[in-house]
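First up is the structure itself, then whatever we jot down about it.
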Amino acid sequence: MKIEEIQPHGMCCSATKERQDAVRAFDGDALIVLGSRRSNNTRKLCEVAKCRVFTAESMEDVIKIKNAISDSERVGVTSGASTPEDFFAKAVAYLRRAPRHVAFIMDGNGRWAAKRGKKRGFGHIAGAKTFMRVVKWCGDRGIQYVTVYAFSTENWRRPAEEVSGLMKLSAAMLKSQAASLVKEKVRLRVIGRREDIPEDLRRGIEDLEQRTAGFERQLIVCVSYGGRAEIVDAANRAIALGAKVDEDSFAKLLYAPDIPDPDLVVRTSGECRISNFLLWECAYAEYHFTDVLWPDFSERDLDAALEDYVSRNRRVGGVS
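With the sequence shown counted from 1, adding 635 to any position gets you my numbering.
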């Protein structure tokens with residue numbers, strides 16, 4: 636998608652004839668007008684456009700519009716009077732480099748439950764509901780890949796009652812959300828040491844993976860997963876193949892080598908560590924940490940994380 640600035644904000648502060656002429660001449664697929672929908676300037680610009688038009692008063696609007704224009708090849712961006720220059724700059728930056736892959740460390744379920752005088756399982760149930768809402772919100776924003784850290788290799792050390800409850804909750808979620816994933820055309824993929832997962836749950840996972848295999852949007856759920864374990868398993872595959880590896884060939888031995896590395900990792904609950912999550916894949920990911928406990932994570936919190944991501948200068952070892 637090519638993003639074109641039409642009469643860049645600094646060149647004109649209102650919907651003058653010159654700016655209207657520039658919008659009228661734009662022959663792209665869609666136009667985004669930044670500014671108040673109640674403004675006469677905004678209305679004039681919308682009226683003269685010859686393509687699909689969207690108006691955005693905030694970054695939340697821009698983030699949602701990004702998904703609606705995902706099939707467009709050329710998108711113009713302009714603004715009316717009094718639109719702040721920093722808003723114009725942030726909007727263009729997001730449209731040009733919105734994250735394709737966002738990963739979540741869903742932390743804080745137990746503390747959320749404890750604050751309410753409930754058992755940890757109560758928090759896990761609330762967290763599961765948030766998880767499905769977040770998947771939908773990411774889809775609304777055009778994010779193609781969503782990865783969640785559902786159950787780590789270390790989580791098997793938790794009390795047997797809690798582990799059993801989590802496995803039952805996973806099975807229930809799989810059953811209740813299957814139709815929704817198919818309807819929304821979301822491909823399910825589960826990565827981790829599958830041999831550790833109870834057989835009935837494993838069969839259910841494999842069945843839904845097959846049913847959703849042809850979809851482009853992807854939900855990657857890490858179960859019995861550890862970043863170190865993934866690297867060790869890949870190294871053992873290389874040894875078994877008798878292969879000498881470099882970074883590229885080694886990456887092909889990981890659990891899901893066809894999935895692009897995460898652009899952004901979001902961790903909730905105020906903890907600022909990566910906890911053995913996607914150690915190889917997140918070498919150059921941006922991280923966003925929030926004090927919000929996972930069950931309370933909202934659509935606004937997601938947008939704040941996305942805005943934070945856009946504000947970063949990703950050099951990936953180079954210079955800007």
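Virtual Cβ for every residue (Gly too), placed ideally from N, Cα, C. None of the values given here were measured: they were computed from a predicted structure.
When burial is assigned at 16 or more other CB atoms within 10 Å of the CB, is GLY849 buried or exposed?
exposed
Where are the alpha helix (DSSP H) runs, 4 residues long or more, that stay fully inside the stretch 852–902, in chain order?
862–876 and 882–886
Would you call the CB atoms of ALA806 and ASP831 closer than 8 Å?
no
Flag this pair as touching only if the stretch 765–784 and the stretch 810–826 have three or more C-beta atom pairs under 8 Å; answer yes or no.
yes
So GLY715 packs on LEU680, CB below 8 Å; how close in whole Å?
6 Å
With a cut-off of 8 Å on the beta carbons, I'd call VAL783 and VAL856 a contact; round off their distance for me.
6 Å
Could you give the uninterrupted runs of the beta strand (DSSP E) lying entirely in the stretch 665–748, keeping only those of 3 residues or more?
665–669, 687–691, 709–714 and 736–740
DSSP puts SER787 in a beta bridge; with which residues?
TYR860
Less than 7 Å between C-beta atoms, sequence neighbours within five positions excluded: which residues of the same chain meet that for ASP742?
ARG902, THR903, SER904, GLU906 and TRP929
Start and end of the beta strand (DSSP E) containing LEU823?
821–826
Under 8 Å between C-beta atoms of TYR729 and ILE704:
no
Applying the 10 Å Cβ sphere with the 16-neighbour rule, what's the burial state of ILE740?
buried
Measure the C-alpha to C-alpha separation of GLY745 and VAL727 and round it to an integer number of angstroms.
39 Å
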